[in-house]
Structures are given as C-alpha cells and as structure tokens.
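Top to bottom, those sequences are chains V and X.
In this text, residue positions in the first sequence follow this note's numbering: the first is 3, and each later residue adds one.
In this text, residue positions in the second sequence follow this note's numbering: the first is 4, and each later residue adds one.
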Amino acid sequence: MQNSEKRSMTEVHNLRDVAIIGIGETQIGELWDKSLRELGIEAGLKALKDAGLHGDEVEKLYVGNMSAGKLINQEHVAPLIADYAGISEVPSTRIESGSASGGMALAEGYKAVASGMEDIVVVGGAEKMTDVGEQEAKDILSSTADQEWETVFGATFDSLYAMMARYHMDNHGTTKDQLAQVAVKNHANAAKNPNAQYPRETSKKFVKNAPMVADPLGMFDCAPISDGGAAVVLCPAERADSFDGDPVEIVSLGQGGDHMAVHERRDIGTMKATERAAKKAYKRASVKPQDIDFAEVHDNYTITEIMAIEDLGFFEKGEGGRATEEGKTELNSDISINTSGGLKAKGRPVGAVGLNQAVEAVLQLRGEAGERQVDQPGYGLIHNIGGTGASAIVHILRRWS
Amino acid sequence: MPIPRFWREIKQRYKGIGSRCENCGKIYFPPRKICPECRRESFQKMEEYELEGKGEVVTYTKINEPHPEFEMLSPYIMAIVETEEGARLTGHLVDADIEDVEPGMKVEATMRKLGEESRDGLIYYGYKFWPLDR
C-alpha cells in the first residue's frame with residue numbers, strides 16, 4: 003500500500019502520461035469586432051501553430067463554453083467552431099459546468115488522451131459576453147446559482163459571494179483592506195500581461211473607494227464581463243518531443259462537488275468543492291501544497307481568491323487575507339498567485355477561464371512569461387470554480403522531461 | 004419564470020413546506036426526495052414538514068446593484084437564515100436597518116410580494132424575513 007501511494011496518477015490508473023504541446027489565447031476584453039466562432043478559431047489556430055500542427059492531425063475537439071445559448075442565442079457551439087476552423091469532420095463536444103466549463107473541458111481532453119482513446123486532442127474555451135448588456139450578462143452568470151431558491155428571492159451572483167465575504171470577515175477577521183490587496187496584486191500582475199483586459203495597476207484606496215455592489219464587495223472586488231478564447235493541444239507525453247511546442251505535463255487532476263445553494267453549506271467561508279478537488283489532485287500527483295510554486299486560482303471576486311488559497315492548502319484557514327496583505331502571494335514571493343492577473347484583471351471570458359489558466363501555467367513552466375516570469379517553477383496549479391462553488395476542478399502541471 | 008415552474012413551488016414558497024427524513028429526522032427546505040445523509044434508506048420516507056418560520060441570521064449583505072426587477076427596493080438586505088428546525092434558506096430581510104443586522108439576529112418569515120411578470124402578468128408571492136424583535 004505504501005508503495006502504491008508513491009506511484010503517479012497514470013501508473014495507479016494504468017493511464018498514459020499527457021502533455022500540453024501547444025497553447026493559444028486571444029486578447030481578452032470587450033471585443034466588439036469578434037464573434038464567438040472567431041474567438042474560438044483564433045485561440046485554436048494559435049495553439050495548433052504553437053505545436054507545429056496543421057489541423058488534420060486533430061482527433062477530437064472539446065469546447066468549454068458556459069452559456070452561448072443565453073449570451074448569443076446559439077447552442078451546439080463545438081461543431082460550429084470546428085467547422086469554421088476548417089475541421090468539420092473532427093468530432094467535437096461542448097462541456098458545461100458554469101464558470102468551470104473550461105477546466106472541465108481540459109479534464110475531458112486529458113482523459114481522452116490518457117485513456118488511449120485519442121492521441122491529438124484540442125481543448126478550447128470561448129465566451130462572447132458583450133453582445134448582451136452588462137446587466138443581462140450578470141443575470142446569466144447568476145443562473146449558475148440555484149434559480150429557484152436563491153435568485154428568485156432577490157439574491158444576485160454578487161450578493162452570494164458578498165455573504166461568503168461577510169461570513170469570512172466575521173469568522174476569521176478578514177478585512178476590506180485585505181480584500182482590496184487581492185485586486186491590487188492581480189492588477190499589478192496584469193500590467194505585465196499583454197493579453198489582459200485591464201493591464202494597469204491600481205491602488206488600495208481606489209479599490210476601497212469604488213461604488214459598493216453588495217457589501218462588503220465593491221466594484222473593484224468583482225471580475226469584469228469579458229470576451230475571449232484560449233486553447234491547448236494535448237498528446238501522449240511519450241510523443242511530446244516530436245512537436246514544436248515546449249511540452250508541459252499534466253501531472254494530475256482532481257474534481258470536487260458541493261451543494262448547489264450557498265445556504266446549504268454549513269461553513270460558508272470554505273469551498274468544500276475546492277478542498278475536495280485539491281485533495282485528489284495532490285494525492286494523485288504525490289505532491290503537497292508546499293511543493294507548488296505558482297497557482298492560477300479562480301478569483302471572480304477578491305474573497306474567492308482568499309478562500310481559494312486557504313482551501314488549496316497554501317495557507318491555514320483564516321490566514322488567506324493576512325498572507326495576501328503581507329505580500330506572500332505576490333510574484334516571486336512565498337507562492338505566486340494569479341501571475342496572469344487572474345479573472346479580476348486579465349479578464350473573465352467565463353467558459354474559457356480554465357483554459358486561460360492552463361495557457362498561463364504553460365507559459366510559466368516553459369519560462370516564456372516575460373516580465374511576470376516565476377523564478378524556475380517546478381509545479382504549477384490551476385483552479386477553476388463553477389458558479390458559487392458547487393463544482394471545482396484542479397490540475398497540477400510541470401515541465402515534461 | 005414560466006407559470007407552471009412557479010406554481011409547482013407555491014406550497015413551499017407560501018407556506019414553508021419542506022421535508023423531514025423519517026429515517027434520521029433531519030428537516031430540509033426546499034423539500035428533497037432523498038435525504039443526502041441517508042440516501043437509499045430515505046427513499047419514499049421523506050414526509051412533508053411545515054416550517055415554523057422562525058430562525059436566525061447566519062450571514063447577510065446589503066445589495067446596492069440589484070437585478071432590475073428589484074430596483075425599486077434598492078438598497079436591500081439579503082440574508083441566509085437558519086430556521087429553528089435546522090434548515091437554511093436565502094431571503095430578503097425587510098423592516099430592518101443594516102446597522103442592526105448581525106449574525107444570530109432573530110428573524111421570522113413573512114408572506115410578501117416577490118415580483119411580477121408585467122403589469123397584467125403573474126404576481127409572485129413568497130417568504131421574506133423580518134426581525135422578530137420589531
């Protein structure tokens with residue numbers, strides 16, 4: 003038994019090792035001139051080019067997309083994107099799990115390759131959110147909460163996270179200053195990311211003085227509404243060296259679940275889905291939280307990052323706010339959190355978020371992250387939450403050698 | 004919200020009818036067909052149970068940017084309330100000043116108008132909460 007715990011996820015489950023051999027990403031922002039299919043294609047083609055592939059090698063396409071049906075009145079978007087990418091013959095499937103759609107799509111792509119079913123798999127994520135007004139986009143985001151027992155009574159998506167923030171403040175002494183510091187840090191990182199929606203720094207004073215959305219969360223505690231796409235190309239790791247892109251291995255993944263409605267959870271200041279996902283991912287990779295050098299965590303609100311860095315085991319429960327305030331999550335500090343700028347400042351094309359995170363992790367592990375490069379990272383972790391935390395997915399990555 | 008979708012839940016929204024697991028005694032709201040604790044053992048043993056409507060605030064927020072339907076009420080207080088029976092639910096807290104709200108505050112359910120479809124359309128009613136000590 004002791005021996006088996008030291009074996010890798012792929013050995014234990016008799017799977018093949020999987021590598022990411024290509025990455026692609028669009029600019030994130032309010033992209034009036036780009037449609038959903040264009041965003042998907044741009045990201046996918048960049049990823050194929052990065053891997054040195056033409057497209058006819060692709061055996062399967064997964065598309066992470068949260069709500070094209072509501073946002074652009076278009077369902078069945080996976081074959082749509084495949085068609086306009088010139089690979090209409092390739093089987094394609096859309097994966098939906100709220101804002102974790104991208105991360106879940108990556109997990110499906112991983113399984114397809116690890117199992118031996120497919121060799122070359124493209125996993126893309128795309129979301130077109132600004133064809134509807136901001137209010138409508140926010141309502142669509144809140145449809146990932148329980149519509150019949152939360153939102154119909156007047157709860158907004160913001161307010162559900164605001165209640166988590168209030169609970170965290172009351173129970174762990176987290177302060178508005180600490181929340182603001184998450185935004186300040188992530189904007190500082192985004193300032194070094196050319197694809198970010200808001201590539202500029204901000205100050206704690208500015209964040210704290212922003213109009214209140216749902217107390218204690220102000221406008222600058224919230225991630226924006228964004229358009230964007232991101233994609234990766236996967237292959238069996240044993241073949242990874244025969245492609246152009248510098249390969250990165252997906253060492254393990256873990257998925258977790260929790261009650262749909264926030265009120266159903268006994269400890270509202272903890273995301274059990276994250277804890278459960280992380281526990282599995284760490285075990286399967288035989289690593290500990292302390293082994294992780296950088297992480298892209300789901301920061302749709304500032305409070306979400308604070309809960310995430312606790313629930314992922316980087317800091318003790320209740321210490322996330324203080325750790326952030328002390329600079330322990332800044333670039334090249336104890337653990338570099340959201341080097342890309344996160345959902346907060348890099349942007350939130352909601353169904354693509356998990357793939358945006360994967361792209362950042364690959365850039366970091368290849369040493370291609372430019373000004374925001376983490377110093378010689380070993381392991382990177384990416385963490386994607388669905389809705390208010392009823393689903394979560396964690397992947398652990400490292401350079402393939 | 005389509006009329007049948009609301010109509011199906013009138014009993015719960017108007018009268019606070021949840022369910023009680025006859026296997027372990029735990030009370031749920033909204034009602035569940037299966038007790039998450041007992042699962043298979045609870046099948047066909049979930050009985051209707053009417054909540055008293057009293058409870059206390061677990062946590063809360065003041066919403067400044069509401070859904071357009073609730074614009075007229077803005078800013079308003081949303082709270083997660085734990086009922087005396089142990090079930091938890093989310094609701095609007097009315098007739099209370101935000102300064103007075105704190106975890107543990109005693110509240111009671113009250114039947115109110117939640118919204119309406121249009122001038123001539125369906126009117127939604129349901130529970131909101133107000134302070135027990137008012």
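For every residue, glycine included, the Cβ atom is placed at its ideal position computed from N, Cα and C.
This structure is a prediction, so every number in the text was calculated from the model and none was measured.
CA-to-CA distance, residue 64 of chain X to residue 3 of chain X, given in whole angstroms
In the structure displayed, chain X extends from 4 to 137; residue 3 of chain X sits before or after that span and is not available.
Runs of beta strand (DSSP E) wholly within the stretch 81-134 of chain V (minimum 3 residues, chain order)
94-97 and 123-129
Who are the Cβ neighbours of residue 126 of chain V in its own chain at under 6 Å, not counting the five residues just before and after it?
42, 45, 46, 65 and 233
Give the residues from the stretch 233-263 of chain V that approach chain X closer than 8 Å (Cβ to any Cβ), ordered along the chain.
263
Could you check whether residue 57 of chain X and residue 2 of chain X sit closer than 8 Å to each other, using their CB atoms as the reference points?
Absent from the model: residue 2 of chain X. The displayed extent of chain X is 4 to 137, so no value can be given.
Can you check whether the C-beta of residue 156 of chain V is within less than 8 Å of a C-beta belonging to chain X?
yes
Using Cβ-Cβ distances below 9 Å, what residues of the stretch 43-72 of chain X are close to chain V?
61, 62, 63, 64, 65, 66, 67, 68, 69, 70, 71 and 72
Those runs of the alpha helix (DSSP H) which lie wholly inside the stretch 179-221 of chain V and span at least 4 residues:
206-210
Can the beta-carbon of residue 74 of chain X be found less than 8 Å from the beta-carbon of residue 48 of chain X?
no
For chain V, find out if any of its Cβ atoms is closer than 8 Å to the Cβ of residue 79 of chain X; answer yes or no.
yes
Can you tell me whether residue 386 of chain V is helix, strand or coil according to DSSP?
strand
Residue range of the beta strand (DSSP E) that residue 22 of chain X falls in?
20-24
Can you give me the C-alpha to C-alpha distance between residue 391 of chain V and residue 310 of chain V, rounded to a whole angstrom?
11 Å
Taking the straight line between their C-alpha atoms, what separation do you get for residue 90 of chain X and residue 161 of chain V?
20 Å
Helix, strand or coil for residue 299 of chain V per DSSP?
coil
In the DSSP assignment, what are the bridge partners of residue 405 of chain V?
This structure cannot speak to residue 405 of chain V, because chain V is shown only from 3 to 403.
Could you please give me the residues that DSSP links to residue 134 of chain X through a beta bridge?
X:110
Touching by the beta-carbon criterion (3+ pairs, under 8 Å), the stretch 23-40 of chain V and the stretch 268-286 of chain V
no
For a cutoff of 8 Å on Cβ pairs, would you count residue 3 of chain V as touching chain X?
Its pLDDT being 39, under 50, residue 3 of chain V is placed unreliably in this model, and the value from its coordinates should be taken loosely. So, not an interface residue.
For residue 386 of chain V versus residue 356 of chain V, is the C-beta spacing smaller than 8 Å?
yes
In chain order, what residues of the same chain lie with their CB nearer than 8 Å to the CB of residue 3 of chain V, ignoring the 5 residues before and after it?
Residue placement at residue 3 of chain V is flagged as unreliable, the pLDDT there being 39, under the threshold of 50; the coordinate-derived value follows with that caveat. Excluding residues within five positions, none has a Cβ falling inside 8 Å.
Once you ignore the five residues that flank residue 5 of chain V on each side, which residues in its own chain have a CB closer than 6 Å to its CB?
Because the pLDDT of residue 5 of chain V is 48, which lies under 50, any placement of that residue in the model is unreliable, and the question is left without a value.
Compute the Euclidean distance between the alpha carbons of residue 7 of chain X and residue 126 of chain X, then round it to the nearest angstrom.
13 Å
Closer than 8 Å, CB to CB, is residue 289 of chain V near chain X or not?
no
Can you list, in chain order, the residues of its chain whose CB lies under 6 Å from that of residue 17 of chain V, leaving out five sequence neighbours each side?
116
So with Cβ pairs under 8 Å, would you call residue 21 of chain X a contact of chain C?
This model lacks chain C altogether; the protein chains it does include are V and X.
Does any residue of chain V have a CB that is nearer than 8 Å to the CB of residue 91 of chain X?
yes
Looking only at its own chain, which residues have a Cβ that is under 7 Å from the Cβ of residue 398 of chain V, when we skip the five neighbours before and after it?
253, 254, 283, 287, 289, 381 and 383
Under 8 Å between C-beta atoms of residue 187 of chain V and residue 374 of chain V
no
Are residue 404 of chain V and residue 166 of chain V touching if we call contact CB-CB under 8 Å?
Outside the shown range of chain V, which is 3 to 403, sits residue 404 of chain V, and nothing can be said about it.
Identify, in the order they occur along the chain, each residue of the same chain with its Cβ nearer than 8 Å to the Cβ of residue 83 of chain X, setting aside the five sequence neighbours on each side.
60, 61, 62, 63, 91, 92 and 93
Please list the terminal residues of the continuous beta strand (DSSP E) segment that includes residue 45 of chain X.
From DSSP, residue 45 of chain X is part of no beta strand (DSSP E); its letter is neither H nor E.
Just the C-alpha distance for residue 111 of chain V and residue 145 of chain V, rounded to the nearest angstrom, thanks.
26 Å
Run down chain X in chain order and give the residues with a C-beta less than 8 Å from the C-beta of residue 180 of chain V.
In chain order: nothing, as chain X lies at least about 18 Å away.
Just the Cα atoms here: how many angstroms apart are residue 85 of chain V and residue 91 of chain V?
8 Å
Proximal residues to residue 15 of chain V (C-beta, below 7 Å), its chain only, five neighbours per side dropped
none
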